[in-house]
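Colleague: So the protein lines, in turn, are chains A and B. Per our numbering, residue 138 is the first one in the first sequence, and the count goes up by one each step. Per our numbering, residue 134 is the first one in the second sequence, and the count goes up by one each step. We treat Cβ as the ideally placed atom computed from N, Cα and C, and that holds for glycine. From a predicted model like this one, the values you see are computed outputs, not experimental measurements. Quick one: structure below, then a few questions.
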Amino acid sequence: MNHKIYIQDVTLRDGMHAIRHQYSKEQIQSIALALDKAKVDAIEISHGDGLAGGSFNYGFGAHTDWEWLEGMKDQLQHAKLTTLVLPGIATIHDLKKARDLGVESVRIATHCTEADIAPQHIEAAKKLGMDVGGFLMMSHMNKPVKLAQQAKIMEDAGADCIYVTDSAGALLMDGVADRIKAFKDVLKPETEIGIHCHHNLSLGVANTIVAMQHGANRLDASLAGMGAGAGNAPLEVLVAVLNKMHISHNSDVYQLMDAADDLIRPLQLRPVRVDRETLSLGYAGVYSSFLLHSERAAQKYGLDTREILEELGKRNMVGGQEDMIVDVALDMLRSKNEA
Amino acid sequence: MIKIIRLSETLEVAVLVGIDPESDGLARARRMGIETCHTGVDGLIEMPEWKEIKIIFDATSARAHQYNWKKIQAFPDKKMIDLTPAAIGPYLVPTVNLNEHLNVPNLNMVTCGGQATIPIVAAVNQVAKVHYGEIVASIASKSAGPGTRANIDEFTETTSKAIEDVGGATRGKAIIVLNPAEPPLVMRDTVFTLSKLGDREAIRRSIHKMVQDVKAYVPGYELHQEVQFEEIPESNPVFIEGLGHCHGLKTTVLLKVEGAGHYLPAYAGNLDIMTSAARATAEQVIA
């Protein structure tokens, strides 16, 4: 079954990580309207760690999710309003609240081995009449066949689409291809397959294209790559590549280029790019959202960011364990002082 | 069961109740010479041992607990300690509010993350009013059973509410993360509080004392790092849902909970702290 290419923008969700969840209501609105005008298919809005992510652990937002979402639905002409839920952080109550604010589609995200904490949320979202994606984070940490078994759990619960989510930007092109192929082997033909990349090894666009060539049709990207770590697949670049490949889609490349440079780049507190720190995320296979938290801990305790990131990788920390960054920093400080 | 047999001087295990005659737990009890019953609460109340029984621990599920409590409620001389998220009775954390509820017939043990962290929230609150208490529980995937996985919202919602009701925070928030690393990682819990600016040394002492109090019934409970403080100034406040812009003292407490390894492996501190808290509660209730 051939599904139509569906481009989901994550500038206003994953991009939150790059500005410590500090988008103003006006910024959310102007960026969402520019994306809508350029005809992306879906726009995801929430705290970077999903609904209810505002916390000491992940950083408090400039607004609540409800403030960010409120009124957006009525202003979008083309794009679906979507959001993100991480079971263990957000609850079905939060999901219902988002639905009441006009959110039509949601991704339910779990670590790549823990899909069985998602069925309750997937079923609840379906009952609310929403389009539902299952989002298997840190996909590089699970082998293709096992990852596909996790995808099946989400499909059985009712998800319309399952994503290979390369949260650490650590997958190479073969790794993406093998995972999408494994999904194809076990999922029903009507279930869509999605890809969410991080650009830490500069493979954001390439990996997205590889995924598409193996059957993924829902592609995540963000303006100027605005996202955790070295960012996501840059949306304007992805769309330019799709155009050159003569792949049919709805988005306008020039409007996206303008939005990326005029609206997004001026907001980046820290340039979103591949550099020593963000490359280390992809190289060590560490959750991209750990970046700013690790940089802050490094500064506070006089340590090296890259060493903190590498240690987090060695300890097999998964998404959501931001509290362990300070723990690792204090352990490193202690061994440094003892040496 | 094993904790009570090995450690308790005042409690005696009368019957282990299950619903699967083939279960590993019931087989183990039989080998240890403990009476067993595989027909649930209905079978239990028909047993000759029933009239001697004072306390029933319920580690089934929220739904099963409601059924069990309906049956047991009819016996006013019995007390139930509820280890499920049903929370029919008040939340109980032994080091914080046991004395308030000694005569209540049904006590709820909150959640594993709640037992590990609420004492710390309360310890800060004893010195400086806690506006906001947030906890992050990281548990090994292997120690999270199908019940926990199918009802993960119950963990976040029950724990958040108990951070407020028992811990004393104006607003509570709970986060749970499952980590599948092999070998499994020992349970970690982190507590963040935002309180009024208070005497840091007094807060630190209060937390250390509380850790010792919990350690008395959960030997593997410890502070993994020294308490961390940071002032959130009025000029650069944090925006907390439900509270608005807040400032004050941020206190971070990084805990580690290792299980005793009695029946469950040592990494499963989350399960150990629940059974240990239930044992400590039962000992006080009958004392």
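Count the other CB atoms, across all protein chains shown, that sit within 10 Å of the CB of S385 of chain A; report buried if there are 16 or more and exposed otherwise.
Modeller: Result: exposed.
Colleague: For K383 of chain B, count the other beta carbons within 10 Å of its own beta carbon; 16 or more makes it buried, fewer makes it exposed. Which is it?
Modeller: With 16 or more other Cβ atoms within 10 Å, it is buried.
Colleague: Quick check on P366 of chain B: does DSSP put it in helix, strand or coil?
Modeller: Three-state result, P366 of chain B: coil.
Colleague: Name the residue from B:A255, B:T250 and B:K184 whose alpha carbon lies nearest to the alpha carbon of M122 of chain B.
Modeller: In this structure chain B extends from 134 to 420, so residue 122 of chain B is not present and cannot be described.
Colleague: In chain A, which residues lie with their C-beta within 8 angstroms of the C-beta of I285 of chain B?
Modeller: Here the neighbours are P224, G225, I254 and Q257.
Colleague: If we ignore side chains and look at the alpha-carbon of each, how far apart do L356 of chain A and I330 of chain A end up?
Modeller: If I take the Cα positions, the gap works out to 9 angstroms.
Colleague: List the residues of chain B whose Cβ lies closer than 8 angstroms to the Cβ of G198 of chain A, in chain order.
Modeller: Here the neighbours are F372.
Colleague: Would you mind stating whether G151 of chain B and L140 of chain B have Cβ atoms separated by less than 8 angstroms?
Modeller: Contact flag unset, no.
Colleague: Tell me the DSSP bridge mates of E181 of chain A?
Modeller: Per DSSP, A:T219.
Colleague: By the 7 angstroms beta-carbon criterion, what residues does the segment 180–198 of chain A contribute toward chain B?
Modeller: Answer in chain order: G191, S192, F193, N194, F197 and G198.
Colleague: Taking a cut of 9 angstroms between CB atoms, which residues from the segment 457–475 of chain A lie near chain B?
Modeller: For the segment 457–475 of chain A, which is checked against every Cβ of chain B, the residues closer than 9 angstroms are G457, Q458, E459, D460, M461, V463, D464, L467, D468 and R471.
Colleague: Output, in chain order, the set of chain A residues within a Cβ distance shorter than 9 angstroms of H357 of chain B.
Modeller: What H357 of chain B touches in chain A: D464, L467 and D468.
Colleague: Measure the C-alpha to C-alpha separation of N279 of chain A and C249 of chain A and round it to an integer number of angstroms.
Modeller: Going from the Cα of N279 of chain A to the Cα of C249 of chain A covers about 6 angstroms.
Colleague: Kindly identify the DSSP beta-bridge partner or partners of L387 of chain B.
Modeller: Its beta-bridge partners are B:T323.
Colleague: Counting only Cβ-Cβ distances shorter than 7 angstroms, please list the residues of the segment 221–251 of chain A near chain B, keeping chain order.
Modeller: Those residues of the segment 221–251 of chain A that come within reach of chain B (Cβ to Cβ, closer than 7 angstroms) are P224, G225, I226, T228, I229, H248, T250 and E251.
Colleague: Would you list, in sequence order, the uninterrupted alpha helix (DSSP H) runs of no fewer than 4 residues that lie entirely inside the segment 140–215 of chain B?
Modeller: Runs of the alpha helix (DSSP H) inside the segment 140–215 of chain B: 157–164, 173–177 and 195–205.
Colleague: Would you call the segment 182–191 of chain A and the segment 389–403 of chain A touching, i.e. three or more CB-CB distances under 8 angstroms?
Modeller: Short answer: they don't touch.
Colleague: Identify the contact partners of T201 of chain A in chain B, using a Cβ-Cβ distance below 7 angstroms as the criterion.
Modeller: In chain order: E374.
Colleague: Quick one: which unbroken beta strand (DSSP E) runs of 3-plus residues sit fully inside the segment 335–397 of chain A? Chain order, please.
Modeller: Counting whole runs of 3 or more residues, the segment 335–397 of chain A contains the beta strand (DSSP E) stretches 355–358.
Colleague: For the alpha helix (DSSP H) holding N474 of chain A, just list the boundary residues, first then last.
Modeller: Unbroken alpha helix (DSSP H) run through N474 of chain A: D460 to E475.
Colleague: Of the residues that make up the segment 434–457 of chain A, which ones have a beta carbon closer than 7 angstroms to any beta carbon in chain B?
Modeller: Those would be N453, V455 and G457, in chain order.
Colleague: Among B:Q361, B:A307, B:P366 and B:V351, whose alpha-carbon lies nearest the alpha-carbon of A413 of chain B?
Modeller: Out of B:Q361, B:A307, B:P366 and B:V351, B:V351 has the C-alpha closest to the C-alpha of A413 of chain B.
Colleague: DSSP three-state label for N232 of chain B, please.
Modeller: Helix at N232 of chain B.
Colleague: In chain order, what residues of the same chain have a beta carbon less than 8 angstroms from the beta carbon of V263 of chain B, not counting five sequence neighbours either side?
Modeller: Hits under 8 angstroms: V254, V257, G300, G301, A302, T303, T326, L327 and S328.
Colleague: Is the segment 189–209 of chain B close to the segment 217–236 of chain B, with three or more CB pairs under 8 angstroms?
Modeller: Touching, yes, given that three or more Cβ pairs across the two stretches are closer than 8 angstroms.
Colleague: Counting only beta-carbon separations shorter than 8 angstroms, does L397 of chain B have a partner in chain A?
Modeller: By this cut-off, L397 of chain B is not an interface position.
Colleague: Since P313 of chain B meets chain E, which of its residues come closer than 9 angstroms, beta carbon to beta carbon?
Modeller: Looking at the structure shown, chain E is missing, and the protein chains on hand are A and B.
Colleague: If you follow the alpha helix (DSSP H) that R443 of chain A is part of, which residue opens it and which one closes it?
Modeller: Looking at the DSSP string, the run of the alpha helix (DSSP H) that includes R443 of chain A is T442 to K451.
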